[in-house]
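Comments concern the structure below.
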Amino acid sequence: MDAMTAPADIATLSYEQARDELVRVVSALEQGSSTLEESLALWERGEELAQRCEEWLIGAKARLDAARARQLDSASPSTGPSAE
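Letter 51 of the sequence shown, counting from 1, is numbered 95 in the working numbering, and no numbers are missing.
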């Protein structure tokens, strides 16, 4: 568990960093050569990395939704103040 022995603070990882490390964790688990304790630690790290990736994706979706909403708002005709 080379780089994963001293894990980076997951909250500081970019999406790409978390995804790449998650791929390495999954690969290590698939090899099946780890002890039970190492496998559990890898699994826990993988869960944390998957959660970080999901947070990034949720944030990206929110940004896209906001950009689309702004685009729709600017495309719709302004009705101006009501004359009530």
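C-beta atoms are modelled at their ideal positions from N, C-alpha and C, and glycine is treated no differently.
For this session: For aspartate 109, count neighbouring Cβ atoms within 10 angstroms of its own Cβ and tell me buried if that reaches 16, exposed if not.
Result: It is exposed - the Cβ of aspartate 109 has fewer than 16 other Cβ atoms within 10 Å.
Exercise. In three-state terms, what does DSSP make of aspartate 53?
Worked result: The DSSP-derived three-state label of aspartate 53 is coil.
Exercise. Which value, in whole angstroms, describes the spacing of the CA atoms of glutamate 91 and proline 121?
Worked result: Going from the Cα of glutamate 91 to the Cα of proline 121 covers about 47 Å.
Exercise. Leucine 84 and alanine 72: beta carbons closer than 7 Å?
Worked result: No, Cβ-Cβ distance for leucine 84 and alanine 72 is not below 7 Å.
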